[in-house]
Each structure stands twice: as structure tokens, then as C-alpha cells.
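Position 31 of the sequence shown, counting from 1, maps to 1396 under the working numbering, and the rest follow consecutively.
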Amino acid sequence: MSVFEQLGAFGGGAAGYIVPFLFVLTIVVFFHELGHFLVARWCGVKVMAFSIGFGPEIVGFNDRYGTRWKLSAIPLGGYVKFLGDDNAASVPDHEAAKAMSEEERKVSFVHKPVGPRAAVVAAGPIANFILAILIFAGVFMVAGKQTTTARVDTIQDSSAAQAAGFKPGDLVLSINGNKISSFADMQRIVSISAGEKLAVEVDRGGERVQLTAVPQMREVKDNFGNVHRLGVLGISRSMAPGDIRTETMGPVAALVAGAQETWFVVDRTLSYIGGIFAGRESADQLGGPIRIAQVSGQVATAGFVALLHLTAVLSVSIGLLNLFPIPLLDGGHLLFYAVEAVRGRPLSERAQEVGFRIGLAIVLMLMIFATFNDILHLATS
1366 MSVFEQLGAF GGGAAGYIVP FLFVLTIVVF FHELGHFLVA RWCGVKVMAF SIGFGPEIVG
1426 FNDRYGTRWK LSAIPLGGYV KFLGDDNAAS VPDHEAAKAM SEEERKVSFV HKPVGPRAAV
1486 VAAGPIANFI LAILIFAGVF MVAGKQTTTA RVDTIQDSSA AQAAGFKPGD LVLSINGNKI
1546 SSFADMQRIV SISAGEKLAV EVDRGGERVQ LTAVPQMREV KDNFGNVHRL GVLGISRSMA
1606 PGDIRTETMG PVAALVAGAQ ETWFVVDRTL SYIGGIFAGR ESADQLGGPI RIAQVSGQVA
1666 TAGFVALLHL TAVLSVSIGL LNLFPIPLLD GGHLLFYAVE AVRGRPLSER AQEVGFRIGL
1726 AIVLMLMIFA TFNDILHLAT S
């Protein structure tokens, strides 16, 4: 099937993709911008606009503080605009700032000390992490967390597990000193460790046995046919009744598990990005809005809980992405504020302008590359 036919098929079932995509993205964007908004209000900054989406306004209203809340035409993000901002990316309007009255300066973002400005900017990504923790925790409390023990059922021929000496019935206890409580725990470590030696401790009939395994890099298809390159040992899990359990958690345990799940997404993402720069990973796994829409539609067919799980994962990803020290992103603003805190004065207007232009170029290149990957993925799937 050609890329045009693929895109046509994608468009033909648009509702099945667009509705879940908008649900997921709107929640993530709303909470990100709400983080900025709430801390800005707390710091005494006047908020001019709170927008979900970019471009022309579709519908909106003004609150009693003069903030314009609106839904805009292009649903690929959102922004909070403060008094003193030149645009939706919070690039300061230096000329307007100089012409402000004393009363306006008191509530202008650009005139606030570096500490409050940094707090306002950092609040967006932090809100994303909090949202993810709460979603994961809520799912664990309501639907429970199903786990399978890390017991080996079958071993593939010529696999890493066979070479390492695994036996059916082995129960994996630890990998590189990290305790393994479930098959998922083992998968998470193995998937990011292709080509690396792993010290594995197993329980074999009551006896502890030490093994050394080197996961092989393989292309693995998920339930929706998407291909992922992961490290694998070549074993299957035991599906015996005693090896499968569902645990419904209380609030405290669920929050702890939610924080652990959130940290895993952060750790996996950073490991993948580090692998790209080290040459261990391929950048073709990076995706953009088309891929997110496709995955949202696929996950929605598995149920609402699965879609919530995707929302949490995407929230972590967007929070982490925004912390990268690229001018125009939240991390870029924080980098400028860190320099300002060290120097005792902000960077020159010219330096900031050059930085924002470089940041815009980087963001545009990443968007083009991700979209190219999305189209290529559609053409080859």
C-alpha cells in the first residue's frame, strides 16, 4: 500500500483517531498550562490569556481578573500569556516593558525577580509529572495493578536466555542487584540493555543460581502492529494461576507506585535519547502528532483505562521535553534565568533574541523530522 493510500485510510477513519487524540492531548496541555497559570497567580503575575490550541479563537470568555480563557483552532498545544510577553512562547516584549506604568510593573512577568519567574516556568512541567502520578495512582486504586511473576515458561532456541543457561521454571530474583518483583520489572531492564552483560540471580527449585545474560536487539511488534526495537532474552512468562495476581492498592501505596511508574517513563526516555547520541538507538522511533493520533486511536480500542495510561505516559514525555534547555521551551527559559541568577543581571536583549531564534530553528527541525518519521511509519506499516 502506498503512502497516499495509507494516509487515505488514516483519514477515512479519522474520528477513531482524532477523538482519542484530542482527549489525550487536551488533558495533558490543560494541566501543563494550568501549572503555569496557578503559580503565576500565586506570584502576583497578571495572566492575559489561557489558550488550549493555537491560532484563531473558536470560543472564549473573560474571568473577573481579566484573563481571556479560550479554545483555539489548532489543537496542537496551548499557552498562557502574561503581561509583558511578546507572544505565546513568553518571549519578553522589552519595548512594551519599558513603557509600563508603575502599577503594571508590579504585575508584569518580566519585572518579577528571577526566583518567581523560574517558579512560574517550572510549574508547567511539574504539573505534567503530578498529573501522570495521579493518573497512574488512580488506575492502580480502581482497576488494580496486574502483575505476573518473573517465572520462565519457555525458552527460544538460539536466544540470549538459552546461551545464558536459563531453564523453564526459573524465577528471576534480581538483575544487576535490582530486585525483580514481576515479569514487567525484568522486561523494563532487559528492553534497554541490548548488548550489555546482565548479572541475573534466579531461584531454581529452591536453589539460588547466578547467570550472565546479554540481551539481543530485536524488532518486536506490539498488539497494534507497531514495531519497536528492544533488548530481549527470548523467554516467555508463566501464565499459571499462581503466577498471575491483581493487586488493588490503597491511596498511599498507589501514589508510591504512580511515582515509580512516572520515574520509569522518565528513565526510559532519557536512556533512549542518550542511546541516540551514543549510536545505540535509532532516531526513527521519534514521533510527532500523527504518530500520537495513531497510537491514541489504537489504544482507545483497548478501553478507557488504557487511554488514561497513554495520557499519563504522554504527560511525562511532554513535561520532560519542555525541560530540555532549548530556548523557546520552558527549559530554555530556566537556562536563561540560571545565567541571570549567576551574573546578577539578565542576558542582553540581543543575546536573548538570538537564543530564541536558535531555539525556534531547533524546535521546527525536530517537528519536521518527527513528522517525516510519522509519514514513513505509515508508509511502511
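All residues carry an ideal CB built from backbone N, CA and C; glycine is no exception.
Please determine, among the options, the residue with the shortest C-alpha to C-alpha distance to residue i.
i                  : options                            : result
proline 1440       : Leu1448, Arg1433, Glu1422          : Glu1422
valine 1565        : Ala1515, Leu1694, Pro1606          : Ala1515
glycine 1607       : Thr1736, Arg1594, Pro1711, Ser1547 : Ser1547
leucine 1685       : Ala1414, Pro1490, Lys1477, Lys1471 : Pro1490
isoleucine 1557    : Gly1640, Leu1712, Val1475, Leu1499 : Gly1640
proline 1690       : Leu1390, Ile1723, Lys1562          : Ile1723
aspartate 1550     : Thr1512, Phe1402, Ala1619, Glu1468 : Thr1512
glutamine 1521     : Leu1390, Gln1581, Arg1429, Leu1387 : Gln1581
alanine 1497       : Val1630, Lys1477, Ala1559, Glu1469 : Val1630
alanine 1559       : Val1597, Ala1528, Thr1391          : Val1597
alanine 1525       : Leu1563, Leu1499, Val1504          : Leu1563
lysine 1308        : Phe1505, Val1504, Ala1578          : In the structure as shown, the chain begins at 1366 and stops at 1746. Residue 1308 is therefore absent and cannot be evaluated.
arginine 1429      : Leu1436, Gln1625, Val1412, Gly1442 : Val1412
glycine 1570       : Ala1528, Val1517, Ser1523, Met1614 : Val1517
phenylalanine 1505 : Glu1612, Leu1538, Arg1573          : Glu1612
leucine 1387       : Glu1561, Ser1539, Gly1442          : Gly1442
glycine 1431       : Tyr1444, Val1410, Ala1528          : Val1410
If we ignore side chains and look at the alpha-carbon of each, how far apart do residue i and residue j end up?
i                  : j                  : result
phenylalanine 1369 : alanine 1487       : Caution is warranted here: a pLDDT of 34 is assigned to phenylalanine 1369, below 50, making its placement in the model unreliable, and the coordinate value is therefore given only provisionally. Rounded to the nearest angstrom, the two C-alpha atoms are 41 angstroms apart.
phenylalanine 1795 : isoleucine 1383    : Any question about residue 1795 goes unanswered here, given that the chain covers just 1366 to 1746.
alanine 1605       : arginine 1433      : 57 angstroms
glycine 1502       : glycine 1696       : Looking at the sequence shown, residue 1502 is not glycine but alanine. Looking at the two C-alpha atoms, the distance is approximately 27 angstroms.
phenylalanine 1721 : leucine 1693       : 6 angstroms
alanine 1414       : methionine 1465    : 19 angstroms
glycine 1420       : lysine 1446        : 14 angstroms
glutamate 1714     : leucine 1635       : 32 angstroms
histidine 1698     : phenylalanine 1396 : 19 angstroms
glycine 1542       : leucine 1725       : 43 angstroms
isoleucine 1599    : glycine 1400       : In the sequence as presented, isoleucine is not what sits at residue 1599; that position holds glycine. If you take the alpha carbons of glycine 1599 and glycine 1400, they lie about 43 angstroms apart.
tryptophan 1407    : isoleucine 1495    : 18 angstroms
glycine 1623       : threonine 1519     : 31 angstroms
proline 1478       : glutamate 1718     : 20 angstroms
histidine 1674     : lysine 1510        : 12 angstroms
leucine 1672       : arginine 1610      : 22 angstroms
valine 1485        : phenylalanine 1402 : 8 angstroms
serine 1367        : isoleucine 1740    : Caution is warranted here: a pLDDT of 37 is assigned to serine 1367, below 50, making its placement in the model unreliable, and no coordinate value can be reported.
isoleucine 1500    : alanine 1677       : 6 angstroms
leucine 1620       : tryptophan 1628    : 12 angstroms
glutamate 1584     : phenylalanine 1669 : 28 angstroms
lysine 1361        : leucine 1436       : Look at the range of the chain in this structure, 1366 to 1746, and you will see that residue 1361 is not part of it.
alanine 1438       : aspartate 1568     : 58 angstroms
glycine 1530       : serine 1523        : 11 angstroms
proline 1385       : valine 1664        : 9 angstroms
alanine 1618       : isoleucine 1540    : 24 angstroms
valine 1475        : glutamine 1552     : 47 angstroms
Could you check if residue i is buried or exposed, using at least 16 other CB atoms within 10 Å of its CB as the buried criterion?
i                  : result
isoleucine 1417    : buried
arginine 1602      : buried
aspartate 1632     : exposed
aspartate 1535     : buried
asparagine 1493    : buried
leucine 1576       : buried
lysine 1463        : exposed
serine 1473        : buried
valine 1394        : buried
aspartate 1450     : buried
threonine 1666     : exposed
phenylalanine 1426 : exposed
valine 1389        : buried
leucine 1729       : exposed
valine 1507        : exposed
Since residue i sits in a beta bridge, which residues does DSSP pair it with?
i               : result
leucine 1576    : Val1565
tyrosine 1444   : Ser1416
leucine 1536    : Arg1516, Asp1568
methionine 1730 : Answer is none; methionine 1730 lacks a bridge partner.
arginine 1433   : Ala1414, Asn1427
isoleucine 1600 : Ile1520
asparagine 1493 : In the DSSP output, where bridge partners are listed per residue, asparagine 1493 has none listed.
isoleucine 1439 : Phe1419
asparagine 1543 : Ile1540
aspartate 1450  : Pro1457
lysine 1510     : Glu1612
methionine 1582 : Gly1596
Could you tell me the boundaries of the alpha helix (DSSP H) in which residue i lies?
i               : result
valine 1475     : Premise fails: valine 1475 is in no alpha helix (DSSP H) and is neither H nor E.
valine 1676     : Reading off the sequence, residue 1676 comes out as threonine, not valine. Start and end: 1669-1687.
arginine 1610   : Looking at the DSSP string, arginine 1610 is not in any alpha helix (DSSP H); the run it does join, the beta strand (DSSP E), is 1609-1612.
isoleucine 1554 : 1548-1556
valine 1704     : 1695-1708
glutamine 1521  : Where glutamine 1521 is concerned, there is no enclosing alpha helix (DSSP H), given that its DSSP letter is neither H nor E.
alanine 1559    : Unbroken run through alanine 1559: none, as it is neither H nor E.
alanine 1528    : 1525-1529
Please check if any C-beta of chain B sits within less than 8 angstroms of the C-beta of residue i.
i           : result
serine 1680 : Chain labels in this structure do not include chain B; a single protein chain is all it has.
The ligand ATP and residue i: does the residue's C-beta get closer than 7 angstroms to at least one heavy atom of that ligand?
i               : result
asparagine 1493 : In the structure shown, the ligand ATP is absent, as is every other ligand, since no ligand is present at all.
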